[in-house]
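Novice: Take a look at this one; I'll ask things after.
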Amino acid sequence: MATQPEYTDWQQILDLIKTSSESDQHEMLLTMLLTPDERESLIARVNICRELLKGELSQRQISQMLGVGVATITRGSNELKSKSEAEKAEISALLEPK
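Residue numbers for the sequence shown follow the UniProt record's numbering, beginning at 1 and rising by one.
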């Protein structure tokens, strides 16, 4: 009987998602891991990052557009501020609609 959890750090979770994606099982995995509310929150967070990186709207406008609190936008903004310009460019490219 295991006395410690199998997954103990973020990198293990990232590896799990990467492996599931490589075997085309990421949808099943993420649907199982995230509740409907968590999935909606993740969608909002992706849109927050995208809008902040585009820089066309104020935080208040993003808040109104997405129906989330200004504090939620601020948390996303603070996270982006911790990234280098190169990282921001990479994230922006990842968030471009396909």
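Beta carbons: idealized from backbone N, C-alpha and C, even for Gly. Computed from a prediction, not measured in an experiment: that's the story for all the values here.
Could you name the residues of the same chain whose beta carbon sits closer than 7 Å to that of Val70, not counting the 5 residues immediately before and after it, in chain order?
Specialist: Counting only Cβ-Cβ distances below 7 Å, and skipping sequence neighbours, we find Gln59, Arg60, Ser63.
Novice: Compare the Cα-Cα distances from Leu66 to each of Arg75, Ile43, Ala93 and report the closest residue.
Specialist: Nearest C-alpha to Leu66: Ile43.
Novice: DSSP state of Ser84, grouped into three classes?
Specialist: Of the three classes helix, strand and coil, the one that applies to Ser84 here is coil, per DSSP.
Novice: Determine whether the beta carbon atoms of Leu52 and Leu80 lie at a separation below 9 Å.
Specialist: The answer is yes: Cβ separation under 9 Å.
Novice: Please list, in chain order, all residues of the same chain as residue 103 whose beta carbon is under 7 Å from its beta carbon, the five residues on each side excluded.
Specialist: Past the boundaries of the shown model lies residue 103; the chain is included only from 1 to 98, so the question cannot be answered.
Novice: Are the beta-carbon atoms belonging to Thr72 and Ile48 less than 9 Å from one another?
Specialist: Cβ distance < 9 Å, so Thr72 and Ile48 count as in contact.
Novice: What does the alpha-carbon distance come out to for the pair Pro5 and Gln12?
Specialist: Going from the Cα of Pro5 to the Cα of Gln12 covers about 12 Å.
Novice: Out of curiosity, what's the CA-to-CA distance linking Ser41 and Thr3?
Specialist: Taking the straight line from one Cα to the other gives about 32 Å.
Novice: Quick one: complete alpha helix (DSSP H) runs, 4+ long, within the stretch 29-87?
Specialist: Within the stretch 29-87, the complete alpha helix (DSSP H) runs of at least 4 residues are 36-54, 59-66, 70-81.
Novice: Please work out which residues of its chain come closer than 6 Å, Cβ to Cβ, to Leu57, disregarding the five sequence neighbours upstream and downstream, and give them in chain order.
Specialist: Glu51.
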